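Going left to right, the sequence shown walks through residues 1 to 350 as full-length UniProt numbering numbers them.
Ideal placement from N, C-alpha and C gives every residue a C-beta, glycine not left out.
None of these values were measured; they are calculated from a predicted model.
Worksheet: the structure to be examined is printed underneath.
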Amino acid sequence: MENAFSFAKSYRVSSNPPLSSEFQQHVRSLPQEYNPSTRHLYERFINTYGTHYIQQVRLGGRLTRLTSIRTCLATVNSHSASEVKDCLNTGLSVGLGFLEASATTSQCKSLLENHDSQTGSQLSYLNHVTEVLGGQKWLGEVSLFKNDSVTFRSWLTSLKDAPDIVSYSLFPVHELVPDAVVGGNVKTAVKHYLRENSIEKDGPAQQCFGQPNLSSECCPLQPMRGRLQVTVRNAWGLDGDFWNKPDPYVKFWYGPHFHQTHYIKSEDNPHWNSVYNLGHVEAYHELIFEVWDKDLNFDDHLGTCRTRLQEGSHTGSCNMRKGGFAYSYTLTCDTQLSGYQCAKYKPAPH
């Protein structure tokens with residue numbers, strides 16, 4: 001994302017600029033044919049004079065502020081790229097004295113403070129690089145919250161005495177070659193040169209659609225989200241009625257989810273090993289188990305077990321009124337979330 005302010009005047013050379021004797025001599029030395037055996041001569045010409053020449057130039061000053069956004073960290077803090085751009089434009093205009101500080105909304109102020117308030121990450125979701133062309137030495141640092149334009153105005157004044165090139169127009173170098181055949185060969189050689197030295201474009205950006213808690217850019221929309229699988233494992237040493245062994249079963253709750261195992265008849269060391277896939281969940285609820293003894297009239301409560309969730313696979317146990325109970329669960333945090341209750345932001349590897 002770029003914010004730029006330019007202050008410049010334009011100058012141009014004629015449509016038919018005079019050519020240096022050295023350039024003309026080099027052109028005359030080029031062969032009329034372009035083939036594998038003469039290609040190196042044309043490559044030497046390109047290495048000397050380049051592929052294009054400057055015909056029109058703008059002199060003055062330019063302030064450019066490039067901002068990179070940790071898209072997913074901004075998204076989980078409920079900030080969109082367009083909102084970031086608008087707030088940065090407003091903040092920079094305030095700092096340079098083009099707008100009053102009152103133009104910045106409270107929401108923009110919160111965004112420009114550049115702190116992660118949702119996941120506790122120490123990372124900033126905005127990073128800036130500032131470039132200043134022309135004028136006296138100035139780093140281009142400016143407040144985004146108040147008028148901070150004194151050094152900026154001083155820099156503007158200095159552009160009259162120390163301008164720099166802020167933009168220019170390029171034309172292909174083969175247009176400077178008087179000989180049409182050689183000019184055509186130079187054009188072909190330039191095409192080959194550019195094809196061989198071009199930088200490959202990145203592949204298409206990953207996109208996500210129809211997945212819970214993921215934006216179209218595959219960023220988590222909210223922290224504390226993931227997929228949960230719970231296993232009711234076993235119990236041991238349970239007590240039943242005075243005259244019988246217990247008929248135990250387990251109830252468990254997680255947020256709005258409730259499940260209950262089958263009961264096992266006359267068993268004080270039961271093994272249920274029942275697996276429950278709860279799907280996509282909010283990871284901040286308490287996981288609660290209750291062990292019960294099934295009776296004809298009123299079931300007896302044998303004990304309760306509670307735990308909070310941590311990313312990964314975990315096994316736990318609790319003491320009952322007598323004996324104990326064991327469970328396990330697996331919490332898989334959403335993309336770029338991790339840790340206790342999936343509350344931490346974890347940047348995706350590049």
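Whole-number beta carbon distance between residue j and residue i, since they are thought to touch under 8 Å
i	j	result
Val166	Arg58	5 Å
Ala235	Phe325	4 Å
residue 365	Val190	In the structure as shown, the chain starts at 1 and stops at 350, and residue 365 therefore has no counterpart that could be examined.
Ile264	Asp247	7 Å
Leu63	Val132	6 Å
Gln341	Tyr284	5 Å
Pairwise C-alpha distance: residue j and residue i
i	j	result
Ser124	Lys344	14 Å
Lys294	Gln222	41 Å
Pro347	Ala74	12 Å
Val94	Gln136	22 Å
Phe152	Leu19	41 Å
Val177	Glu200	30 Å
Leu170	Gln56	8 Å
Gly134	Glu141	15 Å
Leu42	Ile54	Looking at the sequence shown, residue 42 is not Leu but Tyr. If you take the alpha carbons of Tyr42 and Ile54, they lie about 20 Å apart.
Cys72	Leu302	46 Å
Thr130	Thr90	17 Å
His128	Gly323	60 Å
Asn273	Lys85	53 Å
Ser338	Pro220	11 Å
Ser68	Leu99	24 Å
Asp179	Ser82	51 Å
Gly50	Ser80	42 Å
Leu144	Tyr168	30 Å
Residue i - partner residues in DSSP beta bridges
i	result
Asp164	Gly60
Asp300	Asp293
Pro246	Pro246 is not bridged to any residue.
Cys305	Phe289
Ala180	None, per the DSSP bridge assignment.
Asp281	The residue you asked about is not Asp; residue 281 is Val in the sequence shown. Looking at the DSSP assignment, Val281 forms a beta bridge with Gly226.
Trp272	DSSP lists no partner for Trp272.
Thr104	In the DSSP output, where bridge partners are listed per residue, Thr104 has none listed.
Problem set entry | Segment contact flag, the region 308-321 with the region 260-271, C-beta cutoff 8 Å, min 3 pairs | no
Problem set entry | Sufficient close CB pairs (3 or more, under 8 Å) joining the region 102-112 to the region 151-164 | Taking 8 Å as the limit for Cβ pairs, the verdict is that the region 151-164 does not touch the region 102-112.
Problem set entry | Three or more C-beta pairs below 8 Å linking the region 272-285 and the region 223-233 | Verdict: yes, contact present.
For this session: Flag this pair as touching only if the region 213-220 and the region 319-338 have three or more C-beta atom pairs under 8 Å; answer yes or no.
Result: Yes, the region 213-220 is in contact with the region 319-338.
Problem set entry | Cβ contact check for the region 237-254 and the region 282-292: 3 or more pairs under 8 Å | In the pairwise beta carbon analysis, the region 237-254 is classified as touching the region 282-292: at least three pairs are separated by under 8 Å.
Problem set entry | Ranges of the beta strand (DSSP E) found wholly within the region 15-83, counting only runs of at least 3 | 52-69
Exercise. What runs of the alpha helix (DSSP H), each 4 residues or longer, lie entirely inside the region 118-160?
Worked result: 150-158
Exercise. Any chance the region 75-87 sits against the region 227-246, with 3 or more Cβ pairs inside 8 Å?
Worked result: The region 75-87 is not in contact with the region 227-246.
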